[in-house]
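Accompanying notes for the structure given below.
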Amino acid sequence: MRKFPKRNIIIPKKELISIPRILFEPSSKKSQYVTDFEIKFKEYLNANDSIAVSSGRTALNLIIDSYSIEKGSEILLCAYNFIGVPESLLKKGFIPVFVEADKNTYQIDINDIERKISNKTKAIIITHLFGHLTDIDAIKPIAQKHNILIIEDAAQALGSSHKDRFAGTISDIGFFSFTGSKPLNTSFGGMIVTRSLGQSKIIRQQLSMLPETSTAEALSSRLRTYLYALATNKHFYSYVLYPLTILFDKFNIDILEKYKIIDRSITKLPNNRLNYIQAFIGLNQMDHISSLLEQRRGFGNKLISMLDISISTQSILENSEPCYFMLPLKSKDKTIAYKKLLAFGIDANLSYAQDCSFLTNSNNPMSKFLSDHILTINLPFDLKEEEVAYIADSINGIKEFLE
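Per this note's numbering, the sequence shown starts with residue 687, numbered consecutively.
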């Protein structure tokens, strides 16, 4: 049986042939790739407009700037989150105010939002954690009452939907990230989606003043993505990297996490426009994104249906369809559960999301509990039916260590 890495990357074979060719195309054709990518992404989400940028972080920065939110303003977000979001706010001079997490959905606790609002609150960022959707419809009346902007962080939720509305399009404005582990990966890159063409115009004006990510940086980032794709390829990982993962785990060293840290340390993430190579890559991946996401959704639904009734899973918002970016498991002891799963050939993520309250010396007990007890597993796009059953059996096999 194959082994399962904590994340994996799909690289279309034709990409390796196509990229050298487009390097020598005329500038007008290169710039058209960005426009075409934006159009195709907009049409997929049924959004009014989409704007390609160099990263999810750049997208968030541009959104905040476009609404003229002053430095020192408070921005609400869930304490149990991907840490890059609040860190980005702090670097920009804003004050992240952390809202407690819900014990069942792992998303922002809607009942705690209003308690955290002050006269300095200007926006709230709603993260769709692990590809499951937050009930934005329930948040809208609160935001309207206090005149607060809702920003949708859909970086983990491409293809997830609620009442036939895609993540990123349910609120005032939203953004996506296309880092290597995402279903649509352009080796960094991101997209802003908005209903307001007026807001879109402001953002495009801001974006026009930024430089394009250099071709050298785009190619360098893509090369590192190829290396990661090789490392997590089902054959290479099963026979080479998994045995090394087992070995290094004895010294509490996580190989893939170390690589991720090194990669991010050498990758500069300035506020830039998307490079034409990244746009070309994204444009080609859009041809298959629906089928890929639908395939993973089927795997996720089937796996959950096969889990023992004693194992709790992330609650799904009614009338929504998650993309299962990751499958979170609530453990009694995260380290023990991790080692047990690893013995079955399943490498889990220990801290993709964490309690970010320490950044502001605040206290959110449920977020701390989730951070201490949740680990997540990846569902590769190329799973087979028997492999889904194997993963489910493996999880059921450690149910005494799960909640």
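Virtual Cβ for every residue (Gly too), placed ideally from N, Cα, C.
Computed from a predicted structure; not experimentally measured.
Distance between beta carbons of residue j and residue i, contact taken as under 8 Å
i     : j     : result
Y928  : G1031 : 7 Å
S1006 : E1089 : Incorrect: roughly 23 Å between the Cβ atoms, too far for contact.
L763  : F780  : Not quite, the Cβ-Cβ distance comes to about 10 Å (not below 8 Å), so this is no contact.
L1015 : I1060 : 7 Å
I811  : D839  : 5 Å
T899  : N958  : 4 Å
P691  : Y923  : 5 Å
V739  : A745  : 5 Å
Q892  : S752  : 6 Å
F1065 : F985  : Note on identity: in this sequence residue 1065 is Leu, with Phe being the wrong assignment. L1065 to F985, Cβ: 5 Å. Contact.
Counterpart residues of residue i in DSSP-defined beta bridges
i     : result
V771  : Paired residues: none, contrary to the question.
F861  : D839, I878
R959  : V739, E898
I781  : E760
T813  : D839
P1014 : T1062
E1007 : S847
Q1040 : N767
I799  : Its beta-bridge partners do not exist; DSSP assigns none.
T807  : E760
I794  : A787
L1088 : S1017
F852  : S847
N1035 : T1062
Cα-Cα separation, residue i to residue j
i     : j     : result
K726  : S977  : 15 Å
I796  : T813  : 13 Å
L1036 : F1055 : 13 Å
A917  : D940  : 14 Å
L1108 : A841  : No information on residue 1108 is available, as it lies outside the stretch 687 to 1089 that the chain covers here.
S886  : L776  : 25 Å
I975  : P827  : 33 Å
G770  : F816  : 15 Å
I697  : Q830  : 43 Å
L702  : L905  : 12 Å
I1081 : L1027 : 7 Å
P712  : G742  : 28 Å
S1043 : Q793  : 15 Å
V720  : S704  : 16 Å
S996  : M1052 : 21 Å
I750  : I1084 : 44 Å
V1074 : N694  : 16 Å
K868  : H818  : 14 Å
K689  : L896  : 43 Å
L1003 : D850  : 13 Å
H848  : R982  : 17 Å
L748  : K920  : 38 Å
N938  : S907  : 28 Å
Same chain, Cβ closer than 7 Å to residue i, five either side skipped, listed in chain order
i     : result
S1001 : N790, T791
S863  : S741, G742, A841, G876
A1034 : K692, Y1024, L1027, L1061, T1062, I1063
Close-in-space but distant-in-sequence residues of the same chain around residue i (CB under 6 Å, 5 per side omitted)
i     : result
Q964  : T872, G875, A904
S1048 : F784
G845  : L979, C1009
Distance cut-off 7 Å: residue i Cβ against heavy atoms of the ligand MN
i    : result
T911 : This structure does not include the ligand MN; it has no bound ligands of any sort.
Same chain, Cβ closer than 8 Å to residue i, neighbours up to 5 away in sequence not counted
i    : result
M972 : F723, K726, F727, Y730, L870
> Are the segment 842-861 and the segment 875-892 touching, with three or more C-beta to C-beta distances below 8 Å?
Replying inline: yes
> Does the segment 983-994 touch the segment 722-737, meaning 3 or more C-beta pairs lie closer than 8 Å?
Replying inline: no
>> Within 8 Å, do at least three Cβ pairs link the segment 749-763 to the segment 1019-1027?
In response: no
>> Assess contact between the segment 803-818 and the segment 827-834, defined as three or more Cβ pairs (one per stretch) separated by less than 8 Å. Is contact present?
In response: yes
> Any chance the segment 955-972 sits against the segment 861-881, with 3 or more Cβ pairs inside 8 Å?
Replying inline: yes
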